[in-house]
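Asker: If you use our numbering, the first sequence closes out at 541, no skipped numbers anywhere.
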Amino acid sequence: MTFPRLRFAPSPTGYLHVGGARTALFNWLYARKHGGQFLLRVEDTDKARSTDESTRAIFEGLRWLGLHWDEDVVFQAANVSRHRADVERMLESGHAYRCFCSAFELDARRKQAEAAEGAFKYDRRCDQLDAAEVARRVAAGDPHVVRFRVPDGATAWTDLVHGTISFPNKDIEDFVVLRSDATPIYNMAVVSDDVAMRITLVMRGDDHISNTPKQIMLYRALGADLPEFAHLPMIHGADGKKLSKRHGATAVADWQHEGILPQTMVNFLALLGWSPGGEFEEVMSIDELVASFDADGLRKTAAVFDVKKLEWMNGQHLVRMPLADLAPLAGRTIAAAGLATEQELAARGDWYLRLLDLLRVRARTVDDIARQARPFLVQAVTYDEAAAAKAWKDPADARAIVAAAREALVAAPTWDAASLEETLKAVGEARGLATGKLFGPMRVALTGEANSPGMFDVLTLLGRDVAISRLTAAENELARRAEGGA
RNA sequence: GGCGGUAUCGUCUAGGGGACUAGGACGCGGCCCUCUCAAGGCUGUAACACGGGUUCGAAUCCCGUUACCGCUACCA
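#1: Go ahead and label His372 buried or exposed: buried means 16 or more other beta carbons lie within 10 angstroms of its beta carbon, across all protein chains shown.
#2: Going straight from the alpha carbon of Ala528 to that of Arg429, what length do you get?
#3: Span of the alpha helix (DSSP H) holding Pro331?
#4: Under three-state DSSP, which class holds Gly514?
#5: I believe Leu298 touches Leu353 by the beta-carbon criterion, under 8 Å. Please report the beta-carbon distance rounded to the nearest angstrom.
#6: In the DSSP assignment, the beta strand (DSSP E) including Ser221 goes from what residue to what residue?
#7: Restricting to Cα atoms, I'd like to know which of Leu365, Ala401 and Val205 is closest to Leu378.
#8: Look at Pro198 and Ser157 and say whether their C-beta atoms are less than 9 Å apart.
#9: Give me the residue from Asp248, Met258, Val250 and Arg387 with the minimum Cα distance to Gly314.
#10: Can you tell me whether Lys296 is buried or exposed? The criterion is at least 16 other CB atoms within 10 Å of its CB, across all chains shown.
#11: Can you tell me whether DSSP reads Thr210 as helix, strand or coil?
#12: What distance in whole Å lies between the Cβ atoms of Trp470 and Pro317, which are believed to be in contact at a cut-off of 8 Å?
#13: Am I right that Ala459 and Arg486 are in contact with their C-beta atoms under 8 Å? What's the rounded C-beta distance?
#14: Sort out for me which residues DSSP pairs Ala151 with in a bridge.
#15: Mapping the DSSP letters down to three states, classify Met145 as helix, strand or coil.
#16: To the nearest angstrom, how far is it from the Cα of Ala392 to the Cα of Leu432?
#17: Can you give the beta carbon distance from Thr478 to Ala467, rounded, assuming they're within the 8 Å contact cut?
#18: Which partner residues of Gly260 appear in the DSSP bridge assignment?
#19: Helix, strand or coil, according to DSSP, for Pro383 in the structure here?
#20: Quick one: what's got a C-beta closer than 6 Å to Ala443's C-beta in the same chain, skipping five residues either side?
#21: Return the residue from the list Leu324, Gly332, Arg191 and Val250 that minimises the CA-CA distance to Val359.
#22: Do Trp248 and Gln131 have their CB atoms nearer than 9 Å?
#23: Hey, is the stretch 297-311 in contact with the stretch 331-350, meaning 3+ C-beta pairs nearer than 8 Å?
#24: Given that a residue counts as buried once 16 or more other Cβ atoms are within 10 Å of its Cβ, and exposed if not, what is His123?
#25: Opposite Val421 in the DSSP bridges: which residues?
#26: How many angstroms separate the CA atom of Asp423 from the CA atom of Ser105?
#27: Could you pull out every residue in the same chain whose Cβ sits closer than 6 Å to the Cβ of His89, ignoring the five residues on either side in sequence?
#28: So Val97 is in the beta strand (DSSP E); what residue range does that whole segment cover?
#29: Is it buried or exposed, Asn531, if we count other Cβ atoms within 10 angstroms and call 16 or more buried?
#30: Provide the residue span of the alpha helix (DSSP H) that contains Val189, from first to last.
#31: In or out: Asn322 buried (at least 16 other Cβ within 10 Å) or exposed?
#32: Below 6 Å CB to CB, which residues in the same chain sit around Tyr177 once its five sequence neighbours on both sides are set aside?
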């Protein structure tokens, strides 16, 4: 039994995109499921577009998702001497030849051919050059590229997601493998590295399907064993187009900053293009994903990234995760919002955990939690005007209600839910008010918001002193409003 | 243009010749619960791209059309 070796091979030209993250995830899941290795290779041969910043962002994104790689990261640019050596071998074995046609003249021929009949394919004229002539021009330092000599026939493979795919070789021109500056072309570098890394399964986006026959020919020319291939569908935006900046947040870091949990991202991405089959529970932990993952469940069709569903799923994970794990996470966001320091929150111990437990059920992101925590952490509340307009429609009336509640609460024997309930029920009955009519004005007085956890939770969370003083403050505010309005 | 890939509710998907009156989830609507908002429970809405075959029978197999995507570079 040999264990599979897979790799994720991003080019460091931007942040880790959700599409790339999904590709990395499937490679990782497959490797974990089958006890194999998941490797990381940075394809940094395009020096003009590659940046260290982007390399770091990719590492960070993968780490955030928990997609840890085995073995050291491979930087493709460090391997160009091997890429060249492989090209040299193909030159010697006759699988490749030198081409002295200039890019400029090729371009002209291509334009001409396209105007006339449509398709242009390199006509192999340099393959006719005799050895002495080639040697002379090489010695003279004539700029040239190296082209692969595409054989006759067809190239086919059994794709893990698409089944058999076959390309007639006649439709593939003698493609360049080494540029005139002696740097390798993408397909050459990929194959050389995948062979060197002993990759057994190449799993990547289906935009690489057309590259695959070329790469297979290269493996054969190099005398290397073929890996298996699996081509994953793309991820699209809501308009059905390939995901891009226009669609808003497309970098995994963007979602991290919006309060999406890494386990949600993994769960959501896993279900974009893969399904365990049959009826199944969609909210899954990473361990459950690893356990049920298999290539049979890979879909062929492009999927649309549905933010609504992502957010719903995050709400699910928020509620299911251990409170102890959520506490530091939410703490960071709360601290970033300037509501309290992480130390202060930690010092509040169980009170803080109880607050989180009450808020997370009505939140979809960690940021929602921080927003809702505000009234419980700041000194004085600010009244949301929309909430006030509704619950304090008649300021004089609202003031009377708040005052009555305050008076009763001041006299409450103990400050616990049961006792508070009894106290407030009496207030309602005395004034002939349903609890809704009573709690509405109180809620705005206590939290400044139209919505909050249940009244008794709010009161006990706030504590007697804060609650009473907020009610008093609201009475003053309402008195002001009653005057101003009258 | 050539070559390749894909096509089930708005979205993610189940299903792979008869069990399909096409199932689940998100979203949206309704009801229940209820002090608000959520969560939860129940429920409604909504799909086999089109046309030909094959077959007793097609969402499922075959062919074509259409649409979308990718490749067709000395980009990756």
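Heads up, the beta-carbon is just placed ideally off N, CA and C, and yes, glycines get one too.
Answerer: In this structure, then:
#1: Taking the first sequence and counting its residues from 1, one reaches residue 372 at position 317. The residue is buried, with at least 16 neighbouring Cβ atoms inside 10 Å.
#2: Taking the first sequence and counting its residues from 1, the one referred to as residue 528 is at position 473. Taking the first sequence and counting its residues from 1, the one referred to as residue 429 is at position 374. If I take the Cα positions, the gap works out to 17 Å.
#3: Walking along the first sequence from the start, residue 331 turns up at place 276. Unbroken run through Pro331: none, as it is neither H nor E.
#4: By 1-based counting over the first sequence, the position of residue 514 is 459. Note that residue 514 corresponds to Leu in the displayed sequence, not to Gly. Helix at Leu514.
#5: Position 243 of the first sequence, counted from the start, is the residue given in the question as residue 298. Position 298 of the first sequence, counted from the start, is the residue given in the question as residue 353. At roughly 19 Å, the Cβ-Cβ gap does not stay under 8 Å, so Leu298 and Leu353 are not in contact.
#6: If you number the first sequence from 1, residue 221 lands on position 166. From DSSP, the beta strand (DSSP E) with Ser221 extends over Gly218 to Pro223.
#7: Along the first sequence, one-based indexing puts residue 378 at 323. For the residues Leu365, Ala401 and Val205, the minimum Cα distance to Leu378 belongs to Ala401.
#8: Reading the first sequence from its first residue, position 143 is the one you call residue 198. Reading the first sequence from its first residue, position 102 is the one you call residue 157. Cβ distance < 9 Å, so Pro198 and Ser157 count as in contact.
#9: Along the first sequence, one-based indexing puts residue 314 at 259. Of the candidates Asp248, Met258, Val250 and Arg387, the one whose C-alpha sits nearest the C-alpha of Gly314 is Arg387.
#10: Along the first sequence, read from residue 1 onward, the residue named residue 296 stands at position 241. Classification for Lys296: exposed.
#11: Along the first sequence, read from residue 1 onward, the residue named residue 210 stands at position 155. The answer is strand: DSSP assigns Thr210 an E or B state.
#12: Counting from 1 along the first sequence, the entry for residue 317 is found at position 262. Counting from 1 along the first sequence, the entry for residue 470 is found at position 415. In fact, because the Cβ distance is near 39 Å, the residues do not count as touching under 8 Å.
#13: In the first sequence, the residue the question calls residue 459 occupies position 404. In the first sequence, the residue the question calls residue 486 occupies position 431. Beta-carbon to beta-carbon, Ala459 and Arg486 are separated by about 6 Å, close enough to satisfy the 8 Å threshold.
#14: To locate residue 151, count along the first sequence from 1; it is residue 96. Partner(s): Phe203.
#15: Taking the first sequence and counting its residues from 1, one reaches residue 145 at position 90. It is helical.
#16: Here residue 392 is taken as the residue at index 337 of the first sequence, counted from 1. Here residue 432 is taken as the residue at index 377 of the first sequence, counted from 1. Cα to Cα, Ala392 sits roughly 11 Å from Leu432.
#17: The count along the first sequence starts at 1 and reaches residue 478 at position 423. The count along the first sequence starts at 1 and reaches residue 467 at position 412. In this structure Thr478 touches Ala467 by the C-beta definition: roughly 5 Å separates them, less than 8 Å.
#18: As a position in the first sequence, residue 260 is number 205, starting the count at 1. Per DSSP, Leu287.
#19: Numbered from its first residue, the first sequence carries residue 383 at position 328. Helix at Pro383.
#20: The count along the first sequence starts at 1 and reaches residue 443 at position 388. These residues qualify, in order along the chain: Val499.
#21: Indexing the first sequence from 1 puts residue 359 at position 304. Comparing Cα positions, the closest option is Leu324.
#22: On the first sequence, residue 248 is found 193 positions in, with the first residue counted as 1. On the first sequence, residue 131 is found 76 positions in, with the first residue counted as 1. Reading the sequence as shown, one finds Asp at residue 248 and not Trp. Yes, they are a contact pair.
#23: no
#24: Mapped onto the first sequence, residue 123 falls at position 68. Classification for His123: exposed.
#25: As a working mapping, residue 421 is identified with position 366 in the first sequence. Paired residue(s): none; Val421 is not in a bridge.
#26: What you label residue 423 is simply residue 368 of the first sequence in a count that begins at 1. What you label residue 105 is simply residue 50 of the first sequence in a count that begins at 1. Their backbone Cα atoms lie some 36 Å apart in a straight line.
#27: Residue mapping note: residue 89 aligns to position 34 of the first sequence, counting from 1. So the list reads Pro59, once near-sequence residues are dropped.
#28: As a first step, residue 97 must be located in the first sequence, where it is residue number 42. It spans Gln92 to Val97 - the beta strand (DSSP E) in which Val97 sits, taken as one unbroken run.
#29: Looking up residue 531 in the first sequence gives position 476. The residue is exposed, with fewer than 16 neighbouring Cβ atoms inside 10 Å.
#30: Within the first sequence, numbered from 1, the residue matching residue 189 stands at position 134. It spans Ala186 to Ala194 - the alpha helix (DSSP H) in which Val189 sits, taken as one unbroken run.
#31: If you number the first sequence from 1, residue 322 lands on position 267. Buried, since its Cβ has 16 or more Cβ neighbours within 10 Å.
#32: Numbered from its first residue, the first sequence carries residue 177 at position 122. Spatial neighbours of Tyr177 in its own chain (CB-CB distance under 6 Å, excluding positions within 5 residues in sequence) are listed in chain order as Glu228 and Asp229.
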